[in-house]
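First comes the structure, then the notes that go with it.
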Amino acid sequence: MAPRAVWSSCVPLTIAIITVACWLRTACCQAVQAENVTVLEGGTAQISCRLQNYDGSIVVIQNPRRQTLFFNGTRALKDERFQMVLFTPRLVRITLTNVSVLDEGGYFCQLYTAATHHQVATLSVLVPPEVPSVEVKQVAVEGGEVELICVSPRSKPAASLRWVRNSREIPGAVSRQDNGKTFSVSNTIHVPVERKDNGAALSCEATHPALGGQKRIRHYRLDVYFAPTVRILPPSGILREGDSLSLTCSVTGNPLPRDIQWSRINDTLPERAEISGPTFQISRLSQTHNGTYLCQAQNDYGRAADHYSLLVYDPGAVVETHSAVPYAVIGGVLAFLVFTIICVLIITIWCSVRQKGSYLTHEASGLDEHGEVQEAFLNGSESGQGKKEYLL
Ligand SMILES: *[C@@H]1O[C@H](CO)[C@@H](O)[C@H](O)[C@H]1NC(C)=O
Ligand SMILES: *[C@@H]1O[C@H](CO)[C@@H](O)[C@H](O)[C@H]1NC(C)=O
Ligand SMILES: *[C@@H]1O[C@H](CO)[C@@H](O)[C@H](O)[C@H]1NC(C)=O
Ligand SMILES: *[C@@H]1O[C@H](CO)[C@@H](O)[C@H](O)[C@H]1NC(C)=O
Ligand SMILES: *[C@@H]1O[C@H](CO)[C@@H](O)[C@H](O)[C@H]1NC(C)=O
């Protein structure tokens, strides 16, 4: 009987206590709630204080240095970047424009009641990186190595930098420097360079939480210095007296040689020679123009030359052209003959081996246990055939 009485009186009492507690919480006790804010540098932050059961008490908002910004809706600190945009019994909201990293910290939403409530809204400022820059300490010369430094001077949190060539990352040495509120980041790579790398495209990509999935990309083209190459493009066919000669000198190099020099070995250039940069012309050839002509070019990284031997024939001369064509024809005919002989020999050998093989198979059909021997024999004759082919 006794426990039951206790139970029956306890339950309503508990319910009553809970009800009162809830009523106190909802009806009597005011409260304030603050939300954390993340904003990009230069952007506008909204700092909101949510009120519960507001009864007209004074609401004070303070900055991280605990200076009062607004005293119940009235501006207290002379900073026009702060504006009170909303004051309702449920929500007090201020905005801060042109946010800087110095504005970071906890903003206090305070409610002056019997028991002072306060909540802190933490303002975080992100600084996305600019497009990074590329620093080159020394010029790239073929056969050497170039050091490229990608720099992102300011970001928060620190940006990630990667070097990419042909969609592949080039691993580099990353260094990060803390400049107080922001970071400077660099990524240094060493690239061996040949002349084929001249003009090759590289890029340095910066990624950052404030950029979402986007990248800030700096494109960079390798400028590789190399010694010149020189090649004279000769005229085709033979030249006779009265013909005109035109030679072109094809020059490469980085930097491209500005001056192209034409000369004649052990002799002076003919008076009638017309030179215009890479082209050399003689309008009416005579046999006195016979000789070796030279085209030369140079830059800071080296020099190169090519020569052309000019032979001027008599207009009536019957000339046997010692060009490569007849040799090529003779070579072709010889190759064809050799090929035919080899083919005939291979077919002959193959036929004889086939005859031997079928003879053996026929004989072995009665002696199954000698299959291995037959195989070995056939293999042997095959390798023998291979050897013969090789010797041919
Ligand atoms: C707000 O930020 C502060 C400091 O970074 C952190 O301690 C707190 O938990 C955050 N509050 C919320 C609701 O995220
Ligand atoms: C504070 O401001 C609110 C909204 O303007 C007002 O309702 C309230 O009476 C003010 N409280 C005091 C103590 O002035
Ligand atoms: C924003 O603030 C920076 C310094 O933090 C200042 O240099 C700049 O002029 C301001 N911009 C505007 C639009 O007020
Ligand atoms: C140029 O002259 C020198 C000496 O007279 C000689 O040794 C050399 O073979 C000549 N070169 C040509 C290309 O004629
Ligand atoms: C020029 O070369 C041609 C062809 O070899 C030759 O027949 C002729 O005698 C040469 N003339 C002079 C002046 O060397």
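FYI, in mature numbering (1 follows the signal peptide of the UniProt record, and there is no 0) the residues of the sequence shown are -29 to -1, 1 to 363. Backbone N, C-alpha and C define an ideal beta-carbon position, used for all residues, glycine too.
Nearest to residue i (by Cα), restricted to the options the options
{"i": "residue 46", "options": "31, 159, 283, 254", "result": "31"}
{"i": "residue 23", "options": "80, 44, 8", "result": "80"}
{"i": "residue 59", "options": "19, 84, 11", "result": "19"}
{"i": "residue 199", "options": "220, 284, 314", "result": "220"}
{"i": "residue 141", "options": "250, 277, 252, 118", "result": "118"}
{"i": "residue 281", "options": "231, 273, 217, 311", "result": "217"}
{"i": "residue 75", "options": "92, 87, 182, 61", "result": "92"}
{"i": "residue 241", "options": "255, 277, 248, 95", "result": "255"}
{"i": "residue 262", "options": "238, 94, 224, 232", "result": "238"}
{"i": "residue 286", "options": "210, 226, 165, 277", "result": "210"}
{"i": "residue 53", "options": "70, 43, 61", "result": "70"}
{"i": "residue 62", "options": "5, 35, 49", "result": "5"}
{"i": "residue 222", "options": "258, 133, 265", "result": "265"}
{"i": "residue 135", "options": "313, 51, 176, 17", "result": "176"}
{"i": "residue 137", "options": "233, 123, 125, 170", "result": "170"}
{"i": "residue 162", "options": "202, 146, 116, 207", "result": "116"}
{"i": "residue 192", "options": "114, 105, 323", "result": "105"}
{"i": "residue 155", "options": "186, 132, 109, 165", "result": "132"}
The beta strand (DSSP E) enclosing residue i, as first and last residue numbers
{"i": "residue 199", "result": "195 to 204"}
{"i": "residue 153", "result": "153 to 163"}
{"i": "residue 47", "result": "No beta strand (DSSP E) holds residue 47; DSSP gives it neither H nor E."}
{"i": "residue 272", "result": "Run containing residue 272: none; DSSP gives neither H nor E here."}
{"i": "residue 366", "result": "It is not possible to answer for residue 366, since the shown part of the chain is limited to -29 through 363."}
{"i": "residue 94", "result": "88 to 97"}
{"i": "residue 77", "result": "76 to 83"}
{"i": "residue 229", "result": "No beta strand (DSSP E) holds residue 229; DSSP gives it neither H nor E."}
{"i": "residue 149", "result": "144 to 150"}
{"i": "residue 25", "result": "Here residue 25 belongs to no beta strand (DSSP E), and DSSP marks it neither H nor E."}
{"i": "residue 188", "result": "187 to 192"}
{"i": "residue 367", "result": "Lying before the first or after the last residue shown, residue 367 is absent from the chain, which here runs from -29 to 363."}
{"i": "residue 70", "result": "Careful: residue 70 lies outside any beta strand (DSSP E) and carries neither H nor E."}
{"i": "residue 245", "result": "244 to 247"}
{"i": "residue 40", "result": "39 to 42"}
Environment of residue i [buried if 16+ CB atoms lie within 10 Å]
{"i": "residue 157", "result": "buried"}
{"i": "residue 33", "result": "buried"}
{"i": "residue 190", "result": "exposed"}
{"i": "residue 127", "result": "buried"}
{"i": "residue 307", "result": "exposed"}
{"i": "residue 260", "result": "buried"}
{"i": "residue 288", "result": "exposed"}
{"i": "residue 267", "result": "buried"}
{"i": "residue 334", "result": "Confidence in residue 334 is poor, its pLDDT being 39 and thus under 50, which makes the residue's placement too unreliable to answer from."}
{"i": "residue 172", "result": "exposed"}
{"i": "residue 321", "result": "exposed"}
{"i": "residue 150", "result": "exposed"}
{"i": "residue 181", "result": "buried"}
{"i": "residue 251", "result": "buried"}
{"i": "residue 231", "result": "buried"}
{"i": "residue 7", "result": "exposed"}
{"i": "residue 94", "result": "buried"}
{"i": "residue 248", "result": "exposed"}
Cβ pair residue i, residue j closer than 7 Å
{"i": "residue 195", "j": "residue 111", "result": "yes"}
{"i": "residue 144", "j": "residue 179", "result": "no"}
{"i": "residue 72", "j": "residue 167", "result": "no"}
{"i": "residue 269", "j": "residue 205", "result": "no"}
{"i": "residue 253", "j": "residue 243", "result": "yes"}
{"i": "residue 56", "j": "residue 68", "result": "no"}
{"i": "residue 12", "j": "residue 107", "result": "no"}
{"i": "residue 159", "j": "residue 120", "result": "yes"}
{"i": "residue 83", "j": "residue 28", "result": "yes"}
{"i": "residue 309", "j": "residue 212", "result": "no"}
{"i": "residue 2", "j": "residue 89", "result": "no"}
{"i": "residue 201", "j": "residue 271", "result": "no"}
Chain D within 7 Å of residue i, Cβ atoms only
{"i": "residue 143", "result": "As a matter of chain content, chain D is missing from the structure shown, which is built from one protein chain."}
>> With three or more beta-carbon pairs closer than 8 Å as the criterion, would you say the segment 92 to 105 touches the segment 36 to 53?
In response: Taking a contact to require three or more Cβ pairs closer than 8 Å, the segment 92 to 105 and the segment 36 to 53 do not qualify as touching.
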